[in-house]
Amino acid sequence: MKRFVYFIALMFFFTIFLGNPAKAAQVPNVDSEGAVLMDAATGKLLYSKNPNESLAPASTTKVMTALVVLENADLNEKVTIGKNPPAVDGTRLGLIEGEVFTVNDLLHAMLLLSGNDCAVALAEHVGGSVEGFAEMMNKKAKEIGANNSHFTNPSGLYDENHKTTPYDLALITREAAKTPHYLEISQAAVYEFPPSNINGEKKWADNKNSLIRKTSMYYYPYALTGKTGYTIDAKHSYTSVAEKDGQRLISTFMRSDIKNSFFLNAKDLYEYGFNNFSLVKLYSKGQEVSSYEVDKDTTIPLLATQDVYYVTDKGQEKNITSKVESETKDLSKTSFKRGEVILNSEVKVNNENYIALPLASGEDREVKPVTTTVKESILNKNSLPVILSVGSFLGILFLLKYRNHIKKKKLKAKYPNIFNKKMRK
């Protein structure tokens, strides 16, 4: 009987612990036509579905609008509403021509309520016109690597030439989330506007991002920000940011048929990312990562010019090896200051090229120019033979000329008549 019990217990152990190996991480289902999950620190895609497909972004456009405004205007600047904002289509705060609000007021209404009239008012204030502001948006897109994007307006109203991709939208969202005041504005639950200078009316804006509203069924505690979008042609879109244990992720969804499905998809993707991937910091900005030997007596410490992160599967953190390989360059005659970039390098992870990393000097170095005096030049053993040769040549030339002069003088004394005739001629 004891043997039978022991046998049953042993079979139970093997069945539970050995017969059910860890399964591969289950990738969530996503309803939208295009989507990505990006690690913010490295830009690595942890999930993608048609990441480079050109799609209409609808009101997620306003993330780029806010980014450009925040980089080019002060929050306290006054904006006088012109004739165009009140006439714009779609969701509106209800601006009236002649009203005066601050940039901060209009950014809140644009990001919380998704007011198209506020987007146009900000565009005209910063860019002079919608067209001028669109040029600024496109320039910024190229600067951050969103090379497959083209914007024609600040609101996201449908235009066949107004396009981005799930990947580009993630890049734009990542950049916006790093910009001062963006998170603060987009996280506000509600915003009350000052009374209108036209009719005294007060306006309100509620945050439509259900992922950060604690009373919402879609609430996600690690969500930092998000922006929804919808037009009939573009369908539903959404971009958001979440952070857990120091790891920041970005999810984007474009062209979804089902309203609010992106909230559920975002939560699923974030859980997938946080549970299956780890962010490892390889080097810190200012850390000595290598050195440069000027000569046998002089070695210059080389410093990382930025933080370097790497994303790996959970549980594989200790299996990462990294090193910095700097370029070969002669700096023996170069002066530089501490913190000045002097060399380029390649970071290798597990013996494979990972990213380029400029390296800065860890100390000052001054190379004094070499000066040579006339006396030193003469005594130089290499220049002495040349000097002697030139001197000898000049000496011989002088002697020949002097000899010719004496000979000519004697002939003149002996035959004065001949020389006098030549002088008369």
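Throughout the sequence shown, residue numbering follows mature numbering (1 follows the signal peptide of the UniProt record, and there is no 0), covering -24 to -1, 1 to 401 in sequence.
Glycine included, each C-beta is placed from N, C-alpha and C at the ideal position.
Nothing here was measured: the structure is a model prediction, and the numbers come from that model.
I need the straight-line Cα distance from residue i to residue j, nearest angstrom please.
i	j	result
Y143	A122	8 Å
H101	L22	38 Å
D182	Y214	17 Å
N80	W180	14 Å
I174	V55	14 Å
D93	I161	18 Å
G19	A146	9 Å
F127	P61	18 Å
N137	T155	27 Å
I120	I148	7 Å
G91	A164	15 Å
A49	D7	38 Å
V287	F77	44 Å
A85	S24	31 Å
S105	E168	27 Å
D289	L51	41 Å
S192	Y246	18 Å
A242	E9	14 Å
E47	D273	48 Å
Looking only at its chain, what residues have a beta carbon closer than 7 Å to the beta carbon of residue i, apart from the 5 residues adjacent to it on each side?
i	result
L244	One detail in the question is off: residue 244 reads as Asp in this sequence, not Leu. Result list for D244: P4, in chain order.
K235	H212
V343	K309, T310 and S311
S267	T275, I276, P277 and L278
Below 8 Å between beta carbons: does that hold for residue i and residue j?
i	j	result
L279	G338	yes
S311	R341	yes
L133	T207	yes
N28	N124	yes
L255	V323	no
I57	A97	yes
A45	L83	Here the sequence assigns Val to residue 45, which means Ala is not the residue at that position. Cβ atoms of V45 and L83: closer than 8 Å.
N326	T297	yes
Y195	K220	no
L319	K305	yes
L43	E151	yes
D283	K261	yes
S302	F239	no
T204	K184	yes
A11	T228	yes
Within 10 Å of its beta-carbon, does residue i have 16 or more other beta-carbons around it, so buried, or fewer, so exposed?
i	result
P130	buried
G249	buried
M230	buried
K211	buried
V265	buried
M112	buried
E75	buried
V166	exposed
N251	exposed
V64	buried
I372	exposed
V317	exposed
G103	buried
D233	exposed
N329	exposed
K377	exposed
T41	buried
A99	buried
K38	buried
A110	buried
Excluding the 5 residues preceding and the 5 following residue i in the sequence, name in chain order all residues of the same chain whose CB lies nearer than 6 Å to its CB.
i	result
G315	A336
I331	V323
T140	P33 and S125
K313	D340
Y285	A17, T18, L255 and K257
A117	S125
P345	none
E269	T275
Apart from the five residues on each side of it in sequence, which residues of its chain come closer than 8 Å, Cβ to Cβ, to residue i?
i	result
D209	A32 and Y134
P171	E177 and K178
A153	A16, L159, L200, T201, V217, R224 and I226
D271	S308
L89	T67, L69, A181, D182 and K184
A1	Y248, N251 and N252
> When the Cβ atoms of the segment 58 to 68 are set against those of the segment 10 to 26, are three or more pairs found closer than 8 Å?
Replying inline: no
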